[in-house]
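Written below as structure tokens is the structure these notes are about.
In my numbering, the protein residues as written are 7 to 240.
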């Protein structure tokens with residue numbers, strides 16, 4: 007009986023060791039990136055900004071990436087906190103140097119996300135969130151590994167109610183925002199996870215569950231639990 011148990015223990019230990027030395031794990035170690043990059047996309051009015059704010063307040067070691075922009079700071083905005091404010095020549099040089107993991111022109115202004123800044127935070131075991139649209143998400147996926155989440159409203163009617171509830175836009179602008187929202191939502195199938203923001207607390211819990219599941223993934227846990235695993239397998 008003792009020999010049977012020892013044989014089973016040996017097989018289990020051998021299996022775990024093989025998993026921990028697998029090619030996928032070695033690739034992750036070589037990249038030296040221990041945080042997770044997240045892409046959060048949503049149509050205007052879905053509540054993404056409020057959800058991300060609450061997620062940051064309730065989760066350690068996670069942040070939103072600070073983008074570069076050529077637009078002028080608005081009242082109360084702080085350089086390096088809300089945006090990195092740069093002039094057009096500086097921005098265009100960064101584009102030429104391939105410094106942005108994603109970039110776009112919105113009306114007369116330019117926006118971009120520094121790849122080096124993201125990689126630095128990931129290397130510090132900090133999760134990074136990019137709040138970008140589906141076009142930016144495509145650019146990111148071409149250059150980096152990311153976990154993507156699309157946030158949906160519970161219905162078109164509710165989405166329109168939320169847009170009208172702001173009380174700042176005309177009917178014409180709301181109609182345009184609804185058209186843009188539908189166009190954005192057509193790309194939900196390009197994302198890893200879908201969260202419907204009907205009840206805020208439920209949607210927030212679902213986002214937290216996604217973050218937790220990524221932190222429990224083998225490629226991340228192996229580095230954090232190296233000493234424990236060595237003791238368990240000794």
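Glycine is no exception: its CB is placed at the ideal position from the N, C-alpha and C atoms.
All values reported here derive from a predicted model rather than from experimental measurement.
From which residue to which residue does the beta strand (DSSP E) around residue 69 run? Indexing the chain shown from 1 puts residue 69 at position 63. Run containing residue 69: 68–70, per the beta strand (DSSP E) assignment.
Does the beta-carbon distance from residue 201 to residue 158 come in below 9 Å? Looking up residue 201 in the chain shown gives position 195. Looking up residue 158 in the chain shown gives position 152. Contact: yes.
Proximity of residue 152 and residue 136 at Cβ, strictly below 9 Å: Counting from 1 along the chain shown, the entry for residue 152 is found at position 146. Counting from 1 along the chain shown, the entry for residue 136 is found at position 130. Cβ distance < 9 Å, so residue 152 and residue 136 count as in contact.
By DSSP, does residue 197 sit in helix, in strand, or in coil? Along the chain shown, one-based indexing puts residue 197 at 191. Note: residue 197 maps to coil in three-state DSSP.
In this structure, how does DSSP classify residue 206 when only helix, strand and coil are distinguished? For the purposes of this step, residue 206 is taken as the residue at position 200 of the chain shown. Residue state, collapsed to three classes: helix.
Where residue 88 falls: helix, strand or coil (DSSP): Position 82 of the chain shown, counting from 1, holds the residue named residue 88. Residue state, collapsed to three classes: coil.
Per DSSP, which one or two residues make a beta bridge with residue 134? For the purposes of this step, residue 134 is identified with residue 128 of the chain shown, where counting begins at 1. DSSP output for residue 134 lists 43, 69 as bridge partner(s).
Would residue 117 and residue 76 qualify as a contact pair, given that the criterion is a beta-carbon distance under 9 Å? Residue mapping note: residue 117 aligns to position 111 of the chain shown, counting from 1. Residue mapping note: residue 76 aligns to position 70 of the chain shown, counting from 1. Yes. Within cutoff.
Any idea what DSSP makes of residue 104, helix, strand or coil? If you number the chain shown from 1, residue 104 lands on position 98. Reduced to three states, the DSSP call for residue 104 is coil.
For residue 48, name the three-state secondary structure that DSSP assigns. Sequence index remark: in the chain shown, residue 48 carries index 42 (1-based). In the three-state DSSP reduction, residue 48 falls in the coil class, being neither helix nor strand.
Do you know how far the Cα of residue 234 is from the Cα of residue 191? The count along the chain shown starts at 1 and reaches residue 191 at position 185. The count along the chain shown starts at 1 and reaches residue 234 at position 228. Straight-line Cα distance between these residues: approximately 44 Å.
Between which two residues does the alpha helix (DSSP H) harbouring residue 225 extend? Locating residue 225 in the chain shown gives position 219, counting from the first residue. 224–230 is the extent of the alpha helix (DSSP H) around residue 225.
Within 10 angstroms of the Cβ of residue 230, are there 16 or more other Cβ atoms? Answer buried if so, exposed if not. Your numbering for residue 230 matches position 224 in the chain shown. Under a 10 Å Cβ-count criterion, residue 230 is classified as exposed, with fewer than 16 other Cβ atoms of the shown protein chains found around its own Cβ.
Determine, using beta carbons only, whether residue 184 and residue 169 come nearer to each other than 9 Å. Translated into the one-based positions of the chain shown, residue 184 becomes position 178. Translated into the one-based positions of the chain shown, residue 169 becomes position 163. With contacts defined as CB atoms closer than 9 Å, residue 184 and residue 169 qualify as a contacting pair.
Among 97, 67, 54, the one whose alpha carbon lies nearest that of residue 115: In the chain shown, counting from the first residue as 1, residue 115 sits at position 109. Looking at the Cα atoms, 97 is the closest of the given residues.
Nearest-angstrom Cα separation, counted from residue 53 out to residue 167: Stepping through the chain shown from its first residue, residue 167 is reached at position 161. Stepping through the chain shown from its first residue, residue 53 is reached at position 47. Answer to the nearest angstrom: the Cα atoms are 12 Å apart.
Does the distance from the CB of residue 133 to the CB of residue 68 come in under 9 Å? Here residue 133 corresponds to residue number 127 of the chain shown, with the count starting at 1. Here residue 68 corresponds to residue number 62 of the chain shown, with the count starting at 1. Residue 133 places its beta carbon less than 9 Å from that of residue 68.
Run through the DSSP bridge pairs and tell me what residue 110 is partnered with. Counting from one through the chain shown, the residue named residue 110 turns up at place 104. The bridge partners DSSP lists for residue 110 are 117.
Continuous alpha helix (DSSP H) stretch holding residue 59: start and end: Numbered from 1 along the chain shown, position 53 holds the residue referred to as residue 59. Its alpha helix (DSSP H) spans residues 54–64.
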